[in-house]
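Q: Have a look at the structure that comes next, please.
In the numbering used here, the protein residues as written are 1 to 198.
In structure tokens, the structure reads:
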């Protein structure tokens, strides 16, 4: 059965895993696999691991790639959109704490922290994909490492406020420090985009 790479015939191994290894080894510089379909079903990481030993002879395997820089630009755009969406939600959450609605505030805070975790994970994946050195990536007068260190400090401040059940401090951090967080992340994304496009 056919094995295709970007809709063109590709080398075939004995198994799905062996075939993917052959394809990966021959990818042009600067391209990355973004989609793998086996018999029309998109394989996520878990399914891919399950099918690595599947014999390829009776399978349709379609592999799609994209330039790393294009994937990086798309990832930066998605991170920026998520940050823009999150920004006003911090003030809404702070208002809940200020009104004494701590249970609702904690639920909203959980959602915010989950979203920031997704942002960090996506950015970390982007850094790995592009092989970026955060120590040399300048964000204004600082390194990207410095920006991320400050962000970790602000998350630590939120954690300390939670541990100490200091809802006033929590509301203050959410109300008054988030603008700095957002500004820093936007600058970090702009610097990263400039490096990707360079």
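Every residue gets a Cβ at the ideal spot worked out from N, C-alpha and C, and that includes glycine. Because the structure is a prediction, the values reported are computed rather than measured.
(1) For residue 33, which of helix, strand or coil comes out of DSSP?
(2) Classify residue 284 as buried or exposed, calling it buried when 16 or more other Cβ atoms lie within 10 Å of its own Cβ.
(3) Give me the DSSP bridge partner(s) of residue 8.
(4) Count the other CB atoms within 10 Å of the CB of residue 176; is the residue buried (16 or more) or exposed (fewer)?
(5) Are the CB atoms of residue 8 and residue 26 within a distance shorter than 8 Å?
(6) Between 39, 17 and 186, which lies nearest to residue 51 when the distance is taken from Cα to Cα?
(7) Rounded to a whole number of angstroms, what is the C-alpha to C-alpha distance between residue 35 and residue 43?
(8) So, residue 112 versus residue 86, is the Cβ gap smaller than 8 Å?
(9) Within its chain, find whatever has a CB closer than 7 Å to the CB of residue 119; leave out the 5 residues flanking it on each side and keep chain order.
(10) Note down, one range per segment and in chain order, each alpha helix (DSSP H) of at least 4 residues found wholly within the stretch 165 to 194.
(11) State the start and end residues of the unbroken alpha helix (DSSP H) segment that holds residue 88.
(12) With a cut-off of 8 Å on the beta carbons, I'd call residue 67 and residue 31 a contact; round off their distance for me.
(13) Spell out a yes or no on whether the stretch 171 to 190 and the stretch 150 to 158 are touching, meaning 3 or more CB-CB pairs, one atom from each, closer than 8 Å.
(14) From residue 132 to residue 99, what does the alpha carbon distance come to, in whole angstroms?
A: Result, derived from the coordinates:
(1) The count along the chain shown starts at 1 and reaches residue 33 at position 33. If DSSP states are grouped into helix, strand and coil, residue 33 belongs with the strands.
(2) In this structure the chain extends from 1 to 198, so residue 284 is not present and cannot be described.
(3) One-based indexing of the chain shown puts residue 8 at position 8. In DSSP, residue 8 forms a bridge with 5.
(4) On the chain shown, residue 176 is found 176 positions in, with the first residue counted as 1. With fewer than 16 neighbouring CB atoms inside 10 Å of its own CB, residue 176 falls in the exposed class.
(5) Walking along the chain shown from the start, residue 26 turns up at place 26. Walking along the chain shown from the start, residue 8 turns up at place 8. No, these two residues do not count as a Cβ contact at 8 Å.
(6) In the chain shown, counting from the first residue as 1, residue 51 sits at position 51. Checked all of 39, 17 and 186; the closest Cα to residue 51 is 17.
(7) Here the question's residue 35 lines up with position 35 in the chain shown. Here the question's residue 43 lines up with position 43 in the chain shown. Going from the Cα of residue 35 to the Cα of residue 43 covers about 8 Å.
(8) Taking the first residue of the chain shown as position 1, residue 112 is located at position 112. Taking the first residue of the chain shown as position 1, residue 86 is located at position 86. The answer is yes: Cβ separation under 8 Å.
(9) Residue numbering aside, residue 119 sits at position 119 when the chain shown is read from its first letter. Hits under 7 Å: 79, 82 and 83.
(10) Taken in chain order, the complete alpha helix (DSSP H) segments of 4 residues or longer contained in the stretch 165 to 194 are 167 to 172.
(11) Indexing the chain shown from 1 puts residue 88 at position 88. Segment 68 to 98, the alpha helix (DSSP H) holding residue 88.
(12) Sequence index remark: in the chain shown, residue 67 carries index 67 (1-based). Sequence index remark: in the chain shown, residue 31 carries index 31 (1-based). About 6 Å separates the two Cβ atoms, so the contact holds.
(13) Yes, the stretch 171 to 190 is in contact with the stretch 150 to 158.
(14) To locate residue 132, count along the chain shown from 1; it is residue 132. To locate residue 99, count along the chain shown from 1; it is residue 99. So the two alpha carbons sit approximately 44 Å from each other.
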